[in-house]
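Chemist: Residue numbers (the numbering used here), protein chains in the order written: chain A, 92 to 203; chain B, 449 to 561. Ideal Cβ positions, reconstructed from N, Cα and C, are used throughout, including at glycine. Sharing a structure with you now.
Written out as C-alpha cells, the structure reads:
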C-alpha cells in the first residue's frame, strides 16, 4: 500500500541553524501539507500546498518557514533559523482530492 | 472559543465494550470531519471520515455527525486492547478555508483486558 515517507526520522540542530525536512508524498496525490506536534500537545496545521503554490498557511508559518516541491516527488519544509520552540514532531501529509489526508511517520526535530 | 474540542480522557472501557468518543466544533461552515488514531510516538492514522449528517459504519467503527448541533462522534464496538490510543477529531473547512484541517486535542482511550 502506498505511503508517505519522511526523512530524516530525527534531526538534531543548534539554535539558529537552518534545517530542511523532506517528504515523499503518495505518488498520485496532489495536495500536500505540513503539521507539527509539540510533545504532549495537539497536532497543529502549518501549511497546505497545491498546484505548486501555498494555498493556506497558519499563523505559525511565519517568514522563517518555507516549503518547496523541487521535483516531481519531494516536498520539503525549510526552517531558516531554528529556535528552541521549534522542537517538535513534524508530519507531512498528502491527499488525492484535498479531503482525506494520509500522514507520514514524522521527523522529530530537536533544537539545542 | 476553541475550534475543535474533545474530552481529554483518559476514557477507560473493558475489552468487548463500546467506546464512545465525542467532538464538538465551533465553525458552522465546516464541511468534512475525520477521526484519526494516534499511538504514542507515532503519526496520526486515518480511520474514518464523514461528510453528511447521520451515521457511517466501517467495520467496528461508526462515525456520527450532527451538523445542527456541531457534534461528531466515534463509536468503537467490541473494543480491543489494540484500540488503546489517542483519538483525534479533525475538522476540515473551518473558518471557510477548505485547505486547513483543525485538529482537536485528542481523547486518550484505554481498553482494559
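Taking buried to mean at least 16 other C-beta atoms within 10 Å of its own C-beta, is residue 200 of chain A buried or exposed?
Modeler: Buried, because 16 or more other Cβ atoms sit within 10 Å of the Cβ of residue 200 of chain A.
Chemist: I'd like the list of long-range same chain contacts for residue 101 of chain A, defined as Cβ closer than 6 angstroms, with 5 residues on each side in sequence excluded.
Modeler: Result list for residue 101 of chain A: 199, in chain order.
Chemist: Pull up the CB-CB distance for residue 158 of chain A and residue 138 of chain A, whole angstroms please, since I reckon it's below 8 angstroms.
Modeler: Their Cβ separation, rounded to whole angstroms, is 6 angstroms, which keeps residue 158 of chain A and residue 138 of chain A in contact under 8 angstroms.
Chemist: At the level of alpha carbons, what is the spacing between residue 149 of chain A and residue 92 of chain A?
Modeler: Distance between the alpha carbons of residue 149 of chain A and residue 92 of chain A is about 31 angstroms.
Chemist: DSSP on residue 474 of chain B, reduced to helix/strand/coil?
Modeler: Here residue 474 of chain B sits in coil by DSSP.
Chemist: Would you give the residue range spanned by the beta strand (DSSP E) that residue 459 of chain B belongs to?
Modeler: Taken as a continuous stretch (DSSP letters only), the beta strand (DSSP E) holding residue 459 of chain B covers 459–462.
Chemist: Output yes if chain A places a C-beta closer than 8 angstroms to the C-beta of residue 536 of chain B; else output no.
Modeler: By this cut-off, residue 536 of chain B is an interface position.
Chemist: Under 8 angstroms, Cβ to Cβ, is there at least one residue of chain A near residue 458 of chain B?
Modeler: Judged by the 8 angstroms Cβ criterion, residue 458 of chain B is not in contact with chain A.
Chemist: Output, in sequence order along the chain, the residues in the stretch 509–540 of chain B whose CB is closer than 9 angstroms to any CB in chain A.
Modeler: Against chain A - using a Cβ distance shorter than 9 angstroms - the residues of the stretch 509–540 of chain B are 536, 538 and 540.
Chemist: Indicate whether the contact test is met: 3 or more Cβ pairs, each with one atom in the stretch 99–115 of chain A and one in the stretch 167–186 of chain A, closer than 8 angstroms.
Modeler: Taking 8 angstroms as the limit for Cβ pairs, the verdict is that the stretch 167–186 of chain A does touch the stretch 99–115 of chain A.
Chemist: Which residues in the same chain have their Cβ closer than 6 angstroms to the Cβ of residue 140 of chain A, if we skip the five residues on either side of it in sequence?
Modeler: Closer than 6 angstroms at the Cβ level, and outside the excluded window around residue 140 of chain A, lie 123 and 158.
Chemist: Using a Cβ cut-off of 9 angstroms, pull out every chain A residue sitting near residue 564 of chain B, in sequence order please.
Modeler: Outside the shown range of chain B, which is 449 to 561, sits residue 564 of chain B, and nothing can be said about it.
Chemist: For residue 503 of chain B, does the three-state DSSP call read helix, strand or coil?
Modeler: Of the three classes helix, strand and coil, the one that applies to residue 503 of chain B here is strand, per DSSP.
Chemist: Nearest-angstrom Cα distance between residue 182 of chain A and residue 130 of chain A?
Modeler: If I take the Cα positions, the gap works out to 13 angstroms.
Chemist: Assuming residue 167 of chain A and residue 113 of chain A make a contact with CB atoms under 8 angstroms, what is their CB distance in whole Å?
Modeler: Confirmed, about 5 angstroms.
Chemist: Select from B/489, B/526, B/470 and B/482 the residue whose C-alpha is nearest the C-alpha of residue 404 of chain B.
Modeler: This structure does not reach residue 404 of chain B, given that chain B is present from 449 up to 561, and the question cannot be answered.
Chemist: Just to make sure I have the definition right: I need the residues of chain B whose C-beta is within less than 7 angstroms of the C-beta of residue 131 of chain A. Which are they?
Modeler: The contacting residues do not exist; residue 131 of chain A stays about 10 angstroms from chain B at best.
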